[in-house]
Amino acid sequence: MLGNAANEEIMNLAHLDCARWLLLTIPNGYEAGEIVVSAREKSPHLEIIARAHYDDEVEYIMERGANQVVMGEREIANTMLSLLEKPPVEATVTG
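With positions in the sequence shown counted from 1, the corresponding number in the working numbering is that position plus 78.
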């Protein structure tokens, strides 16, 4: 389902009580943290993965109950480092 989970009506339409996963891709980590709290209230066993830009957002979201938080900048850096370990021909990324 695609929609703004900060909207209570959207959260109700998502039927979190039947869901296994909640993937939060919104760019605002603090808003994501509040959505995590709301989702946890509706479905305590839900697996929640959220997105963050900064370390403080990661901490905020995790403290509110997310199972995992992906920080885009860190993932980009890790991928760039892994490319350094490959021969130049293999390291070429097309897109």
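Quick reminder that beta carbons are idealized off the backbone N, C-alpha and C, glycines included. All values reported here derive from a predicted model rather than from experimental measurement.
Whose CA, out of Leu94, Ala128, Leu124, Pro122, lies closest to the CA of Glu109?
Ala128
Let's see if you can read the secondary structure: which residues bound the alpha helix (DSSP H) around Ile154?
150-162
Taking buried to mean at least 16 other C-beta atoms within 10 Å of its own C-beta, is Ala155 buried or exposed?
exposed
Using 10 angstroms around the beta-carbon of Arg98, count the other beta-carbons present and answer buried if the total reaches 16, otherwise exposed.
exposed
Work out the CA separation of Gly81 and Met89 for me, nearest whole Å.
9 angstroms
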